[in-house]
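Protein chains in written order, with the numbering used here: chain A, 848 to 961; chain B, 848 to 961; chain C, 11 to 306; chain D, 11 to 306. A quick write-up on the structure given underneath.
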Ligand SMILES: [Fe+3]
Ligand SMILES: [Fe+3]
């Protein structure tokens with residue numbers, strides 16, 4: 848029997864994460880709208896304040912650090928909308944989280960198709 | 848065993864009603880906001896058009912006829928918000944639907960407490 | 011482990027809010043209903059619950075037909091009341107207990123309850139007025155944290171009374187297995203018989219309501235076995251709010267002490283009822299039973 | 011009575027939309043995945059389904075954490091796609107079949123599934139891209155009506171694979187009891203193995219994916235018995251989208267004909283898979299099985 852909370856390198860978006868992350872996730876959800884994406888780009892700090900992000904969340908977003916965003920309660924489905932604003936796709940954020948170059952990360956994906 | 852659809856004088860808000868009533872109910876749900884209530888009062892016809900009410904629904908609202916609103920797919924919980932705009936409480940709409948005077952309707956409520 | 015100290019069930023009609031706002035609680039029409047809360051206040055003073063798990067039904071404040079959950083479990087840090095469109099005063103916000111919410115969510119999904127979790131949720135008069143009746147002097151600092159659970163009473167198909175009973179069972183077990191020393195009161199709001207719509211509008215069934223007030227204490231099975239259609243036939247289309255009482259009773263142990271009950275007709279269009287149960291295994295005394303009828 | 015003609019399962023990653031928009035479907039990276047739909051197109055031309063019941067998972071377009079249903083059943087007349095924030099083209103709206111939606115709602119609530127009914131609902135790439143793959147030349151007139159069913163894959167606790175299987179069982183029975191001569195295809199979208207978050211991001215498990223592609227046909231029990239934790243361990247945190255495949259299989263009869271399957275790694279970060287099952291009791295021929303691996 849696997850334990851949900853002890854799978855190596857695998858964050859679980861459960862109630863504990865949700866309780867921490869609501870403001871950050873709500874901000875990311877707002878990025879379904881082009882107007883909101885533009886407002887964020889125009890003034891990141893003001894936009895984050897308007898959504899009441901915690902200092903930890905603000906710092907994680909400012910530093911573009913996906914693992915820190917997750918630690919601060921972010922869920923990857925919502926964070927992907929934020930990453931899109933930074934021009935980062937799922938392979939870019941995969942590379943960042945694993946500490947690989949994007950080229951190495953893509954090769955890693957291919958290598959698993961055996 | 849009672850049959851949901853054959854209880855005397857008792858509309859059931861099921862899928863069939865819901866399919867008919869969506870526009871009307873959505874309009875009524877908007878009346879949780881004072882601004883929307885004011886907009887409706889200012890121009891009923893325009894407000895109903897904006898919500899895409901059917902001719903049957905528009906006619907029922909215009910004539911303040913609760914039974915017709917229900918026939919047109921309205922649900923009483925949402926309709927109560929509309930009735931409030933007209934200054935009608937649950938005893939007024941009860942009287943209207945049963946064809947009693949409000950005084951007689953209130954007496955009817957009291958009489959059942961035996 | 012957390013401890014369920016008792017269960018409270020009450021009607022929740024909006025005009026209760028108007029009566030409070032207009033200082034009409036001592037009028038002949040309202041006094042018997044508000045008096046029903048005197049034994050409740052005494053009991054709350056004695057038991058001092060920390061948390062209220064409130065089973066109620068939203069009337070179109072937080073939920074609309076675009077997304078209508080069968081069972082909606084609050085998992086927010088705070089719950090605000092808001093304008094419902096008919097002018098009753100907006101009451102102060104409530105503090106949630108999201109750790110208990112998530113403990114309940116885990117237990118419910120594990121037992122195959124397909125809840126919606128709600129990390130932001132407005133609570134309507136069906137939630138706020140019973141709280142005001144329980145804690146009339148709370149001002150803007152409610153003395154309990156809350157976990158709201160809304161049961162769909164608007165859009166058919168509605169969950170069956172038996173499903174609501176089992177929901178209560180799982181909530182009760184889960185509260186009792188929660189690692190906390192919190193004292194929890196389970197509150198049900200809704201009913202009893204009433205009907206707002208159709209040519210039978212104004213229907214009240216005092217005999218059935220009295221049967222409910224007895225049955226819910228000692229033989230809830232006789233209510234749990236009813237179909238939704240039977241409840242509507244006997245208690246009116248909005249009488250389905252009885253589901254909240256059934257779920258509350260399902261969360262309590264089999265043996266309860268019946269502290270008090272009041273039946274007062276009519277409260278607005280409704281058979282007004284208040285019932286208090288204590289989970290102490292030995293009844294302390296005969297329950298206080300009160301019956302009132304508004305004189306024409 | 012309505013008839014389920016078959017089941018289709020496919021991955022649904024957003025970059026499929028980008029590949030279509032940028033006319034990259036014939037590149038070596040993408041061609042094998044798009045080619046997987048050739049037998050699907052042949053089959054759709056032959057069977058001509060009227061309605062698609064689509065089991066998928068919303069990724070934060072229609073549902074947010076404020077109200078997150080475990081199972082959300084579409085009951086709308088039309089379903090629009092919309093901006094999801096990452097720039098893939100918005101596809102034309104879909105026509106619903108609300109009469110079937112309500113028939114399913116009644117059956118599901120009767121069998122104690124606590125669904126949320128959704129009379130207005132945006133459908134995201136997980137719904138739209140599989141439709142585009144099935145009907146690449148549809149333009150803005152999709153040749154089927156739809157009933158979307160979204161399974162919560164974001165907020166734990168998630169429904170168990172067993173619960174999703176039973177959901178499929180009830181949907182299948184309900185479709186077969188619906189008074190209509192409609193032909194219905196059940197579509198699952200999601201998976202197979204992938205993980206977007208954490209230091210294990212990029213995890214793909216081709217062995218497990220191949221096991222899934224086999225098991226889902228003939229011995230789905232071996233998938234249904236897995237816990238959510240086991241699926242995440244074997245298939246990555248987003249591998250839970252396998253729940254949609256399990257629910258789809260649950261809606262089909264035990265005996266199915268395996269028409270085709272393709273496995274192609276990677277499609278974006280995902281083990282890309284397409285599987286087509288027909289409910290005709292006798293397999294017409296050996297299934298067409300294709301395996302592809304993107305060369306570095
Ligand atoms: Fe009510
Ligand atoms: Fe996905």
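Beta carbons: idealized from backbone N, C-alpha and C, even for Gly.
Residue i classed as buried or exposed, judged by whether at least 16 other C-beta atoms fall within 10 angstroms
i, result
"residue 264 of chain D", "exposed"
"residue 11 of chain D", "exposed"
"residue 954 of chain A", "exposed"
"residue 17 of chain D", "buried"
"residue 892 of chain A", "exposed"
"residue 100 of chain D", "exposed"
"residue 848 of chain B", "Per-residue confidence for residue 848 of chain B stands at a pLDDT of 49, beneath the threshold of 50, marking its modelled position as unreliable; the derived number appears in the next sentence. Looking at its Cβ environment, which holds fewer than 16 other Cβ atoms inside 10 Å, residue 848 of chain B is exposed."
"residue 207 of chain D", "buried"
"residue 235 of chain D", "exposed"
"residue 211 of chain C", "buried"
"residue 189 of chain D", "exposed"
"residue 84 of chain C", "buried"
"residue 249 of chain D", "buried"
"residue 187 of chain D", "exposed"
"residue 897 of chain B", "exposed"
"residue 91 of chain C", "buried"
"residue 948 of chain B", "exposed"
"residue 288 of chain D", "buried"
"residue 850 of chain A", "exposed"
Residue i to residue j span [Cα, whole Å]
i, j, result
"residue 218 of chain D", "residue 961 of chain A", "11 Å"
"residue 55 of chain C", "residue 49 of chain C", "10 Å"
"residue 306 of chain D", "residue 36 of chain D", "Its pLDDT being 46, under 50, residue 306 of chain D is placed unreliably in this model, and the value from its coordinates should be taken loosely. Approximately 17 Å between the Cα atoms of the pair."
"residue 163 of chain D", "residue 906 of chain A", "28 Å"
"residue 863 of chain A", "residue 109 of chain C", "8 Å"
"residue 922 of chain B", "residue 102 of chain C", "28 Å"
"residue 123 of chain C", "residue 251 of chain D", "19 Å"
"residue 938 of chain A", "residue 856 of chain A", "16 Å"
"residue 278 of chain D", "residue 927 of chain A", "14 Å"
"residue 194 of chain C", "residue 133 of chain C", "19 Å"
"residue 245 of chain C", "residue 281 of chain C", "9 Å"
"residue 89 of chain C", "residue 191 of chain C", "23 Å"
"residue 935 of chain B", "residue 73 of chain C", "23 Å"
Where residue i meets chain A, residues with beta-carbon distance less than 7 Å
i, result
"residue 117 of chain C", "Neighbours of residue 117 of chain C on chain A: none; closest Cβ ~12 Å, over 7 Å."
Limits of the alpha helix (DSSP H) - the one that residue i falls within
i, result
"residue 49 of chain C", "48-57"
"residue 1 of chain C", "Within the shown structure, residues of chain C are numbered from 11 to 306, placing residue 1 of chain C beyond reach of any answer."
"residue 23 of chain D", "Premise fails: residue 23 of chain D is in no alpha helix (DSSP H) and is neither H nor E."
"residue 949 of chain B", "949-958"
"residue 75 of chain D", "Taken as a continuous stretch (DSSP letters only), residue 75 of chain D belongs to no alpha helix (DSSP H), as it is neither H nor E."
"residue 905 of chain B", "902-909"
"residue 125 of chain C", "From DSSP, residue 125 of chain C is part of no alpha helix (DSSP H); its letter is neither H nor E."
"residue 35 of chain C", "Premise fails: residue 35 of chain C is in no alpha helix (DSSP H) and is neither H nor E."
"residue 937 of chain A", "937-945"
"residue 155 of chain C", "Not the alpha helix (DSSP H): residue 155 of chain C falls in the beta strand (DSSP E), residues 155-161."
Within chain D, the residues that residue i reaches when beta carbons sit closer than 8 Å
i, result
"residue 128 of chain C", "76, 77 and 78"
Extent of the continuous beta strand (DSSP E) to which residue i belongs
i, result
"residue 211 of chain D", "Where residue 211 of chain D is concerned, there is no enclosing beta strand (DSSP E), given that its DSSP letter is neither H nor E."
"residue 201 of chain C", "Unbroken run through residue 201 of chain C: none, as it is neither H nor E."
"residue 285 of chain D", "280-288"
"residue 859 of chain B", "First-last for residue 859 of chain B: undefined, no H or E at that position."
"residue 273 of chain C", "267-277"
Neighbouring residues, chain C, relative to residue i (Cβ below 9 Å)
i, result
"residue 865 of chain A", "85, 108, 112, 127 and 129"
"residue 862 of chain A", "85, 108, 109, 111, 112, 113, 115, 116 and 127"
Listed by chain order, chain C residues near residue i by CB distance under 8 Å
i, result
"residue 933 of chain B", "Those do not exist, as residue 933 of chain B stays about 11 Å from chain C at its closest Cβ, beyond 8 Å."
Within chain C, the residues that residue i reaches when beta carbons sit closer than 7 Å
i, result
"residue 124 of chain D", "80, 81, 123, 124, 125 and 169"
"residue 869 of chain A", "129"
Listed by chain order, chain A residues near residue i by CB distance under 8 Å
i, result
"residue 186 of chain D", "Those within 8 Å of residue 186 of chain D in chain A number zero; the least Cβ separation is about 34 Å."
Contacts that residue i makes with chain D (C-beta to C-beta distance below 9 Å)
i, result
"residue 173 of chain C", "119, 122 and 124"
Interface residues of chain B facing residue i [CB-CB closer than 7 Å]
i, result
"residue 275 of chain C", "959 and 960"
> Where the beta carbon is closer than 7 Å to any heavy atom of ligand 1, which residues qualify, in chain order?
Replying inline: C:22, C:23, C:67, C:69, C:136, C:200, C:248 and C:251
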